[in-house]
Amino acid sequence: MRKWWKLLVGPIMLIVGIPGLIDDLKSWGQWLDTASKWMHQQPWLNRLLEINLLHYGLLVVGILLLIPWDKLFSNTHHSNSKVSHNSQQVSVITDAEQNLPNYEDWDKGETVNLWNAAHLWAELEPSAYIDHPGGPAPFYSIFSELKQAVNTGILEPTALFHVDTTPLPNGARPAANRQTIVAKSDLKRYAIEVRKEQPKFLFPEVRSEIGLAPSSGPAKELRLAVKNNGGVGKFYATCRTLANRNDVNMLRAGTFNLAWCSTPERTIALQNGEAQDLLVARWKFWRLQHDISMGQIDILEWTGSGPIEFTGTRWNANGSGRLPEFELEITVFNSDTNTHIARQFTIRPAAKYGPLEMKSIS
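Our numbering puts the first residue of the sequence shown at 37, with every later residue one more than the last.
The following block contains the structure:
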């Protein structure tokens, strides 16, 4: 509708405007004719006007001075530059040129600078630096947020660099910038506690079509969140006991099904981006006679009629011995895509009175 409006109104405005322009040009022509006669009556101007190369040269120089070459060159340079994490060229990431990072290359090392971290957080291959005010680059808001987190003490840098030429007052700390280095472990904490997310460059497990996240912190029930990062599918999970420690009982070795918290069925359908919890273990606490207390770990399996104990152990909560541990391997399957992911975890009491905690084994 907007295009038809322009096609109708535009020609009408031209029809009305052109005659007026012609009339104005005619008036300008009369004025220029009068000015030309006056200049030829001046001896010194008349001699200059006879030198054609002079006034043509002045005209060209004047035009060149009016062109904003700095902005023209800057825009051309930015549009033609390519992005590379080890390139020294100035570059900008545009919507049409977004390179996915090779995460394996960036998994090496325990630290990363804020500039590269912001790119990787936005799932982009880090580019060379360009000083622009936010620009179209999708990583820039994350970069600004990370700098603010360092400046306010939420993130603790391992190295700060002062890039300004102005000397710092005694005892002053440089402000965070693109070269500021932070530990990946601190970024992981920030991602979970502040941003409530798991960026792929910090959490390799979410790069898979199936993401796994164990219970955070001690809990009476230990759960494993399963997130579908791929297409729609039906999911189920198995658990295999690998080892037990600090336990008088022999390990009951075996593989069994795990139960979902939200359905009594063995399988569950998950849409892309949807997550559900598996029930892995449960804590119990017993107060017996003579001020004796005991803690209990139950590793749970799915049987079709609710979760029941597959294996477990008890410990003396009043004792001073080492607390029991189980090592498990949990495998989650997508039966629709024939994909799966396996991770190993340690299950143990968080303290001698409990409850339980679940730690991923690197």
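Beta carbons: idealized from backbone N, C-alpha and C, even for Gly. None of the values given here were measured: they were computed from a predicted structure.
- As computed with DSSP, Asp334 is found in a beta bridge with Arg318 and Gly348.
- Here Asp143 is exposed: its Cβ has fewer than 16 other Cβ atoms, across all protein chains shown, within 10 Å.
- Measuring C-alpha to C-alpha distances from Leu359 to each of Gln66, Ser177, Asp283 and Ala317 identifies Asp283 as the nearest.
- Here the stretch 215–229 lies against the stretch 183–196, with 3 or more beta-carbon pairs under 8 Å apart.
- His326 sits exposed, since fewer than 16 C-beta atoms from the chains shown fall within 10 Å of its C-beta.
- According to the DSSP assignment, Asn152 belongs to the alpha helix (DSSP H) that extends over Leu150 to Trp157.
- Non-local beta-carbon contacts of Ala249 in its own chain, meaning distances under 6 Å to residues more than five positions away in sequence, involve Ala261 in chain order.
- In the pairwise beta carbon analysis, the stretch 307–318 is classified as touching the stretch 261–270: at least three pairs are separated by under 8 Å.
- Inter-segment contact for the stretch 337–353 and the stretch 237–257 is absent: fewer than three beta-carbon pairs are separated by less than 8 Å.
- The shortest CA-to-CA distance from Val368 to any of Ser298, Ile246 and Trp338 is the one to Ile246.
- In this structure, Ile383 lies away from Leu191, with their beta-carbon atoms at least 8 Å apart.
- Within 10 angstroms of the beta-carbon of Gly357 lie fewer than 16 other beta-carbons, which makes it exposed.
- By DSSP's assignment, His376 forms a beta bridge with Phe369.
- Between Gln332 and Trp322 the beta-carbon gap is near 7 Å, inside 8 Å, which marks them as a contact.
- Under DSSP, Ile383 forms a beta bridge with Phe362 and Met394.
- When secondary structure is reduced to three states using DSSP, Ile246 falls in the strand class.
- Scanning Arg231, Leu294 and Phe362 for the CA closest to the CA of Glu337 turns up Leu294.
- For Lys232, there are no CB contacts under 6 Å within the same chain when 5 residues up- and downstream are skipped.
- Rounded to the nearest whole angstrom, the CA to CA distance from His155 to Ile178 is 8 Å.
- Taking Gln380 as the centre and dropping the five residues before and after it, the same chain places the C-beta of Glu365 and Ile397 closer than 6 Å to its C-beta, in chain order.
- For Thr303, the closest alpha carbon among the candidates Met330, Leu315, Ala387 and Tyr272 is that of Tyr272.
- Only buried fits Ala185, as 16 or more other CB atoms lie within 10 angstroms of its CB.
- Residue nearest to Met330 within the set Val316, Ala317, Trp351 and Trp319 is Trp351 (criterion: CA-CA distance).
- Rounded to whole angstroms, Leu392 and Ala208 show a C-alpha spacing of 44 Å.
- Straight across, the Cα-Cα distance linking Leu287 with Lys236 is about 36 Å.
- With contacts defined as CB atoms closer than 8 Å, Trp296 and Lys256 fail to qualify as a contacting pair.
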